[in-house]
Structure formats: C-alpha cells, structure tokens
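Chemist: One structure follows; several queries about it will come next.
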Amino acid sequence: MNTCGMKTYASCQGHGFPVRKLLPYVAFMAPLPLAQRLARLVREDAESLSPRLCWGWEVTACFNSQFRLCWRLAPESPRLYRYRYWRKTLDKDFQQLCLLIKYSAK
Numbered sequence: 019m020n021t022c023g024m025k026t027y028a029s030c031q032g033h034g035f036p037v038r039k040l041l042p043y044v045a046f047m048a049p050l051p052l053a054q055r056l057a058r059l060v061r062e063d064a065e066s067l068s069p070r071l072c073w074g075w076e077v078t079a080c081f082n083s084q085f086r087l088c089w090r091l092a093p094e095s096p097r098l099y100r101y102r103y104w105r106k107t108l109d110k111d112f113q114q115l116c117l118l119i120k121y122s123a124k
C-alpha cells in the first residue's frame with residue numbers, strides 16, 4: 019500500500035480462533051480518489067461471479083487523533099462459513115489485495 023500513494027500507520031494481523039475472533043485490519047492515510055479506488059476494487063470483487071478474495075472486505079472512513087481523515091481496510095465476513103476457521107484464507111487475501119492495489123495503480 020505504501021508504494022501506491024497510501025501511507026499505513028497501524029495494522030493488526032488478527033488473533034484468536036475462530037479466525038474472526040479478532041479480525042485483521044490496516045489503517046492508512048490516502049487521498050480520497052485512492053481510497054475510493056480501493057473500495058471499488060474490493061466491492062467489485064465481492065460482487066464478481068468469480069471473486070479472487072475469500073473474504074468480503076470493506077474500506078471505512080474515520081478520523082485519527084488529529085482529526086485527519088483516515089481509512090481502515092478490514093474483512094467483514096468469509097465467503098464460505100468454513101473460512102472462519104482457516105487462517106490461510108486471510109493470508110491469501112492479503113497477497114491478492116497487494117496484487118489488486120499494485121496493478122490497479124498502473
């Protein structure tokens with residue numbers, strides 16, 4: 019994300035079992051058009067007939083402690099119920115998200 023104009027400032031890999039006990043997230047700062055592009059990418063994937071991601075992801079807006087607009091990327095729910103017990107589905111999604119972001123910037 020940092021190589022594509024977004025600046026990450028916090029993240030968590032997620033913890034617990036099942037996987038969704040404490041889900042991972044990435045908090046970042048980016049201009050509105052970049053955040054919109056990322057939100058569009060994850061939504062289009064979620065609505066696709068052949069999605070690349072195992073989880074539905076969401077980009078949400080928030081304010082940091084200096085009241086600057088920031089963004090949070092986090093999974094919402096797994097496509098298949100069994101994915102909530104399989105950590106590798108999130109690891110795969112992180113790799114896919116990196117590729118989606120990288121190639122959408124071109």
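Sequential numbering of the sequence shown, starting at 19, is according to our numbering.
Even for Gly, the Cβ is constructed at its ideal location relative to N, Cα and C.
Please read these numbers as outputs of a predicted model, since none were measured by experiment.
What residue range does the beta strand (DSSP E) around lysine 25 cover?
Modeler: Lysine 25 -> beta strand (DSSP E) spans 25-30.
Chemist: Considering only the alpha carbon of each residue, which of Phe81, Gln84, Val60 and Ser83 lies closest to phenylalanine 112?
Modeler: Nearest C-alpha to phenylalanine 112: Val60.
Chemist: Quick one: give me the first and last residue of the alpha helix (DSSP H) that arginine 105 is part of.
Modeler: Element bounds for arginine 105: 105-122.
Chemist: Over the uninterrupted alpha helix (DSSP H) stretch that includes phenylalanine 60, give me the two end residues.
Modeler: The amino acid occupying residue 60 in the given sequence is valine; phenylalanine does not appear at that position. Valine 60 -> alpha helix (DSSP H) spans 50-65.
Chemist: With burial defined as no fewer than 16 other Cβ atoms inside 10 Å of the residue's Cβ, what is the status of aspartate 109: buried or exposed?
Modeler: Label assigned to aspartate 109: exposed.
Chemist: Determine the DSSP secondary structure at proline 22, reduced to helix, strand or coil.
Modeler: In the sequence as displayed, the identity of residue 22 is cysteine instead of proline. Correct three-state label for cysteine 22: helix.
Chemist: Measure the C-alpha to C-alpha separation of tyrosine 121 and phenylalanine 85 and round it to an integer number of angstroms.
Modeler: Those two C-alpha atoms are separated by around 31 Å.
Chemist: Could you pull the DSSP bridge partners for glutamate 76 from this structure?
Modeler: Its beta-bridge partners are Ala92.
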